[in-house]
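Novice: Before I ask anything, let me first share the structure, which is written out below as C-alpha cells.
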Amino acid sequence: MWSDIELLTNDDTGSGYLSVGSRKEHGTALYQVDLLAKVSSEKPSLNPKIQACSLSDGFIIVADQSVILLDSICRSLQLHLIFDTEVDVVGLCQEGKFLLVGERSGNLHFIHVTSKQTLLTNAFVQKANDENQCTYRTLVIEKDGSSEGTYYMLLLTNSGFFCITNLQLVKIQQAIENVDFNKAKKLQGQIKSSFISTENYHTLGCLNLVAGDLTSKIPMIIGGAGNCAFSKWEPDPVNKEMTLKNVIDAEIIKGAKKFQLIDNLLFVLDTDVCF
Numbered sequence: 241m242w243s244d245i246e247l248l249t250n251d252d253t254g255s256g257y258l259s260v261g262s263r264k265e266h267g268t269a270l271y272q273v274d275l276l277a278k279v280s281s282e283k284p285s286l287n288p289k290i291q292a293c294s295l296s297d298g299f300i301i302v303a304d305q306s307v308i309l310l311d312s313i314c315r316s317l318q319l320h321l322i323f324d325t326e327v328d329v330v331g332l333c334q335e336g337k338f339l340l341v342g343e344r345s346g347n348l349h350f351i352h353v354t355s356k357q358t359l360l361t362n363a364f365v366q367k368a369n370d371e372n373q374c375t376y377r378t379l380v381i382e383k384d385g386s387s388e389g390t391y392y393m394l395l396l397t398n399s400g401f402f403c404i405t406n407l408q409l410v411k412i413q414q415a416i417e418n419v420d421f422n423k424a425k426k427l428q429g430q431i432k433s434s435f436i437s438t439e440n441y442h443t444l445g446c447l448n449l450v451a452g453d454l455t456s457k458i459p460m461i462i463g464g465a466g467n468c469a470f471s472k473w474e475p476d477p478v479n480k481e482m483t484l485k486n487v488i489d490a491e492i493i494k495g496a497k498k499f500q501l502i503d504n505l506l507f508v509l510d511t512d513v514c515f
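Numbering (the numbering used here), first residue to last: 241 to 515.
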C-alpha cells in the first residue's frame, strides 16, 4: 500500500542535472531534474504499476491501487485514495474540482475533490479475465463546445468505447457549494451514456484513443490491433451517437500502440516501427 507521501521544499528537493546523449547527434543535452515528492510503500512491491500525469489543474500519481492528487506545482496534497483493485485510468476536470478514477474491477468513480465525496460509482464493464490486462485503456474528458459548463467523456475498453455526455459539472459544483444535494443528484441522473463496439474493426483489441472537440472535423481516433490499425469516429447529429467514418487497414500499419494528433497530422508509434 502506497501510503507514505512526502512533499519536499525548495531546500531539500535534491535538484540535479541529467545528461542525455545520442549516438546520432553531436553534443550532449542537459535536463534539470527536481525531486518534488516522494511516495513509498509500507511493503516492497515486486512489480509496481506506476503512472503519472501533469495537468493544468493538478498532478496525479497512480501507484497500483493508490491515487494521489497534488496541486499543479506539487506543493500541497489534495487527495489520497486507495481502491480495491489496480487503477487503470484517471482524469481531472473543471479546474481540478472533479476527479475520475477507473479501476481494474470495472468501477468508475466520480469524485468531488474539495469535499472528498464520491458522487457516483458505476461498473461500466466487468473485470477482464486476465488480471494483467487493463479493463480501461484510456479516459478522456473535455468541455462540450455546444453547451457551456458541460463536459463529455470517452472511456476506451478493449472491445469498444463508452461515450458519456451531459456532464453538467458547473451546475453540480454550484449545487454542492449550496449544499443542495437533491439538485446535485438530479443533475447526476441526467448523465447519458452509450457503448459502441469496435470488435469488427480492432479484432485484437483497442490500444489507445485521442479526441478533439466534438464539433471538430476529427473528434476521435482509436488505435488498435487486428483488421484495422485506426478507426475515425464522428458524432451523428440525427441519431445523437458516435458513428464510424473511416478506417486504416492493418496492412499499412500493423498496430497503433501510441499516437498523437497535431492539427491534421497523426504521429504514430507502431507496434514495430515509428512513422
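Even glycine gets a Cβ: it sits at the ideal position worked out from N, Cα and C. In this text, all values refer to a predicted model and were calculated from it rather than measured experimentally.
Take SER437 and list the residues in its own chain whose beta-carbon comes closer than 7 Å to its own, dropping the five residues that flank it on each side.
Specialist: Along the sequence shown, read from residue 1 onward, the residue named residue 437 stands at position 197. Only SER399, GLY400 meet the Cβ criterion.
Novice: Indicate whether the contact test is met: 3 or more Cβ pairs, each with one atom in the segment 364-371 and one in the segment 382-392, closer than 8 Å.
Specialist: As far as the Cβ criterion goes, the segment 364-371 does not touch the segment 382-392, which means the pair count is below three.
Novice: Within this structure, are the beta carbons of LEU247 and ALA277 separated by less than 8 Å?
Specialist: Residue numbering aside, residue 247 sits at position 7 when the sequence shown is read from its first letter. Residue numbering aside, residue 277 sits at position 37 when the sequence shown is read from its first letter. Yes, the Cβ-Cβ distance between LEU247 and ALA277 is below 8 Å.
Novice: So, with DSSP's three-state summary, where would you put ALA415?
Specialist: For the purposes of this step, residue 415 is taken as residue 175 along the sequence shown, with counting starting at 1. Helix at ALA415.
Novice: Name the one or two DSSP bridge partners that CYS468 has.
Specialist: Against the sequence shown, residue 468 aligns to sequence position 228. For CYS468, which the question treats as bridged, DSSP gives the partners ASP489.
Novice: Which partner residues of CYS333 appear in the DSSP bridge assignment?
Specialist: Start at 1 with the first residue of the sequence shown, and residue 333 comes out as number 93. DSSP, once it has assigned bridges, lists PHE338 as partnering CYS333.
Novice: Determine the burial state of PRO288: buried for a count of at least 16 other Cβ atoms within 10 Å of its Cβ, exposed for fewer.
Specialist: Taking the first residue of the sequence shown as position 1, residue 288 is located at position 48. Label assigned to PRO288: exposed.
Novice: Are the Cβ atoms of LYS480 and LYS472 separated by less than 8 Å?
Specialist: On the sequence shown, residue 480 is found 240 positions in, with the first residue counted as 1. On the sequence shown, residue 472 is found 232 positions in, with the first residue counted as 1. Not closer than 8 Å, so no.
Novice: With distances taken between CB atoms, is the gap from LEU394 to VAL410 smaller than 8 Å?
Specialist: Taking the first residue of the sequence shown as position 1, residue 394 is located at position 154. Taking the first residue of the sequence shown as position 1, residue 410 is located at position 170. Contact flag unset, no.
Novice: How long is the line joining the alpha carbons of ILE308 and ILE322, rounded to whole angstroms?
Specialist: Here the question's residue 308 lines up with position 68 in the sequence shown. Here the question's residue 322 lines up with position 82 in the sequence shown. If you take the alpha carbons of ILE308 and ILE322, they lie about 9 Å apart.
Novice: I'd like to check one pair, SER316 with SER296: are the Cβ atoms closer than 8 Å?
Specialist: The residue you call residue 296 lines up with position 56 of the sequence shown. The residue you call residue 316 lines up with position 76 of the sequence shown. Contact: no.
Novice: With a Cβ-Cβ cutoff of 8 Å, do THR511 and LYS494 count as a contact?
Specialist: The sequence position of residue 511 within the sequence shown is 271, counting from 1. The sequence position of residue 494 within the sequence shown is 254, counting from 1. Yes, the Cβ-Cβ distance between THR511 and LYS494 is below 8 Å.
Novice: Within 10 angstroms of the Cβ of ASP328, are there 16 or more other Cβ atoms? Answer buried if so, exposed if not.
Specialist: Here the question's residue 328 lines up with position 88 in the sequence shown. So ASP328 counts as buried.
Novice: Just the Cα atoms here: how many angstroms apart are LEU449 and GLY463?
Specialist: By one-based count along the sequence shown, residue 449 stands at place 209. By one-based count along the sequence shown, residue 463 stands at place 223. Straight-line Cα distance between these residues: approximately 6 Å.
Novice: Using a 10 Å radius around the Cβ and a threshold of 16 neighbouring Cβ atoms, would you call PRO459 buried or exposed?
Specialist: The residue labelled residue 459 in the question sits at position 219 within the sequence shown. Per the 10 Å Cβ criterion, buried.
Novice: First and last residue of the beta strand (DSSP E) that includes LYS498?
Specialist: Taking the first residue of the sequence shown as 1, we reach residue 498 at position 258. Residues 496-502.
Novice: Does the beta-carbon distance from SER294 to TRP242 come in below 8 Å?
Specialist: Residue mapping note: residue 294 aligns to position 54 of the sequence shown, counting from 1. Residue mapping note: residue 242 aligns to position 2 of the sequence shown, counting from 1. No.
Novice: For THR358, which option in VAL419, ARG344, PHE338 has the closest C-alpha, if you only look at C-alpha atoms?
Specialist: On the sequence shown, residue 358 is found 118 positions in, with the first residue counted as 1. Residue PHE338 is the option with its Cα nearest to THR358.
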